[in-house]
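All remarks here apply to the structure that follows.
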Ligand code: PLP
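In my numbering, the protein residues as written are -18 to 395.
Quick look at the structure:
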């Protein structure tokens, strides 16, 4: 039975029985500032008193306009157009729709295949799930997903977590580039691979191929965006500007549902009408209350120079985790970037997910929250992704509790 949450304070959550839980995974890697941040809650309270909702075709709002300005300033290159949605899944869905419409607009309806990677996770709505290389979450849904998108998947070599340049090139050749609408990538993985990092050479090569063959490069930065990896965006590590970048999760840090789709000016210019009239959206998308939460969050990230801080704290946490890995044989590796980290685990192929769920349960008993990830024994892992403003002492407490949790795991009888 799940505990009943009572309140939250910084990196801590409390249940109604008075137990405290250190949040080692920022909820679902989204509560990036922790709980009760006054800069956010007071801004939301003010917005609530002013107006919570105004329909996007009838009004814009001051926080929304300001948030768009901030996002387009932070984003690399000419990602100068923003459309809002309510969740990462809806953002990806919107990106897929936009890629398809972009080619249809130029009389290239045959350019409709979407290439993604397995493992990957892009969301639970039908298009996003069709694009996801996550067999566990797709199980039983083939009849629904088969009609959703013409999706192809590139798979890493045996034993690897990420496809290399040659595999991507081969997959694109097999599809025939003239059929390709878009490639969707996760710069750093989450639920599917447990923080597997894409090789920057892959991202750079995909950018070149997108330019050469006219398909769109879509970066799913729902988890990796806005400071989580120690840069503003995961793509920044490779110096790559995607055509479409999807942000979610940390954009409003769990204070309100919000996501955003950033679009390059050159792509938006292909339409003879504003993107807002191309991409009909969702009722609540970009409503003033969520926009206020998003704006306050992004301003907090800027004011506290969070990407630089995450570089430092990520290095510190990684060293502590490497020490744990050396002491606990169940840990296979430590992977990720910044504070989007994971412990890869030695998993039993006959029971996946198994050891990751055991560890999550053991951690909960130690008052530590972790997020299980992986689609098979090779990828099975737990995400260690605390709030981006965690202090050193909080990170050390996290590792102490994780150490105890690993020690309490019952070893396999083998
Ligand atoms: N894309 C990535 C990389 C994610 O990690 C997730 C959620 O875990 C999603 C998309 C879907 O986001 P949401 O759960 O907000 O729909």
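Just so you know, even glycine gets a beta-carbon here, dropped at the ideal spot from N, CA and C.
Note that the structure is a prediction, hence the values are computed from the model and not measured.
Under 9 Å between C-beta atoms of residue 352 and residue 343
Reading the chain shown from its first residue, position 371 is the one you call residue 352. Reading the chain shown from its first residue, position 362 is the one you call residue 343. Result no, Cβ atoms of residue 352 and residue 343 do not sit closer than 9 Å.
Shortest alpha-carbon distance to residue 182 belongs to which of 89, 146, 152 and 369?
To locate residue 182, count along the chain shown from 1; it is residue 201. Nearest C-alpha to residue 182: 146.
Give the straight-line distance between the Cα atoms of residue 105 and residue 73, rounded to the nearest whole angstrom.
In the chain shown, the residue the question calls residue 105 occupies position 124. In the chain shown, the residue the question calls residue 73 occupies position 92. Cα to Cα, residue 105 sits roughly 10 Å from residue 73.
Looking at C-alpha atoms only, which residue of 144, 80 and 198 is the closest neighbour of residue 108?
Counting from one through the chain shown, the residue named residue 108 turns up at place 127. Closest option to residue 108, Cα to Cα, is 80.
Look up residue -5 in the DSSP assignment and give the residues it is bridged to.
As a working mapping, residue -5 is identified with position 14 in the chain shown. Paired residues: -12 and 1.
According to DSSP, is residue 173 part of a helix, a strand, or is it coil?
Along the chain shown, one-based indexing puts residue 173 at 192. Of the three classes helix, strand and coil, the one that applies to residue 173 here is coil, per DSSP.
Of the residues 127, 100 and -12, the one placed nearest residue 16, counting alpha carbons only:
As a position in the chain shown, residue 16 is number 35, starting the count at 1. Among 127, 100 and -12, the Cα nearest to that of residue 16 belongs to -12.
What is the residue span of the beta strand (DSSP E) that residue 325 lies within?
The count along the chain shown starts at 1 and reaches residue 325 at position 344. Taken as a continuous stretch (DSSP letters only), the beta strand (DSSP E) holding residue 325 covers 321 to 326.
Let me know if residue 400 comes out buried or exposed under the rule of 16 or more other beta-carbons within 10 Å of its beta-carbon.
This structure does not reach residue 400, given that the chain is present from -18 up to 395, and the question cannot be answered.
For residue 224, the three-state DSSP class (helix, strand or coil)
Within the chain shown, the letter at position 243 stands for residue 224. Residue state, collapsed to three classes: coil.
Residues near residue 97 by beta carbon distance below 8 Å, same chain, minus five either side:
Residue mapping note: residue 97 aligns to position 116 of the chain shown, counting from 1. Excluding residues within five positions, the ones whose Cβ falls inside 8 Å are 103, 112, 113, 114, 132, 133, 134, 135, 164, 165 and 166.
Using 8 Å as the cut-off, classify the Cβ of residue 230 as near or not near the heavy atoms of ligand 1, replying yes or no.
What you label residue 230 is simply residue 249 of the chain shown in a count that begins at 1. It does: the Cβ of residue 230 is within 8 Å (strictly closer) of some heavy atom of ligand 1.
Leaving out five residues before and five after residue 140 in sequence, what residues of the same chain have Cβ atoms less than 8 Å from its Cβ?
By one-based count along the chain shown, residue 140 stands at place 159. Counting only Cβ-Cβ distances below 8 Å, and skipping sequence neighbours, we find 359.
Taking buried to mean at least 16 other C-beta atoms within 10 Å of its own C-beta, is residue -14 buried or exposed?
As a position in the chain shown, residue -14 is number 5, starting the count at 1. So residue -14 counts as exposed.
Rounded to the nearest angstrom, how far is the Cβ of residue 423 from that of residue 256, given a contact under 8 Å?
With the chain represented from -18 up to 395, any question about residue 423 goes unanswered, as that position is not in the structure.
Can you tell which of 203, 214 and 264 has the C-alpha that lies nearest to the C-alpha of residue 10?
In the chain shown, the residue the question calls residue 10 occupies position 29. For the residues 203, 214 and 264, the minimum Cα distance to residue 10 belongs to 203.
Complete alpha helix (DSSP H) runs within the segment 330 to 393 (minimum length 4 residues, chain order)
336 to 346 and 373 to 389
State the start and end residues of the unbroken beta strand (DSSP E) segment that holds residue 50.
As a first step, residue 50 is located in the chain shown; it is residue number 69 there, counting from the start. Taken as a continuous stretch (DSSP letters only), residue 50 belongs to no beta strand (DSSP E), being part of the alpha helix (DSSP H) at 43 to 55.
What are the start and end residues of each continuous beta strand (DSSP E) run of 3 or more residues lying completely inside the segment 226 to 291, in chain order?
240 to 244
Can you tell me whether DSSP reads residue 317 as helix, strand or coil?
In the chain shown, residue 317 corresponds to position 336, counting from 1. In the structure shown, residue 317 sits in a strand (DSSP, three-state: E or B).
Report, in whole angstroms, the separation of the C-beta atoms of residue 319 and residue 175, which I expect to be a contact under 8 Å.
Numbered from 1 along the chain shown, position 338 holds the residue referred to as residue 319. Numbered from 1 along the chain shown, position 194 holds the residue referred to as residue 175. Rounded, the Cβ-Cβ distance is 15 Å, inconsistent with contact.
Between residue 279 and residue 369, how many whole angstroms is the CB-CB distance? I'm expecting something under 8 Å.
As a position in the chain shown, residue 279 is number 298, starting the count at 1. As a position in the chain shown, residue 369 is number 388, starting the count at 1. No, residue 279 and residue 369 are not in contact; Cβ-Cβ is about 12 Å, not under 8 Å.
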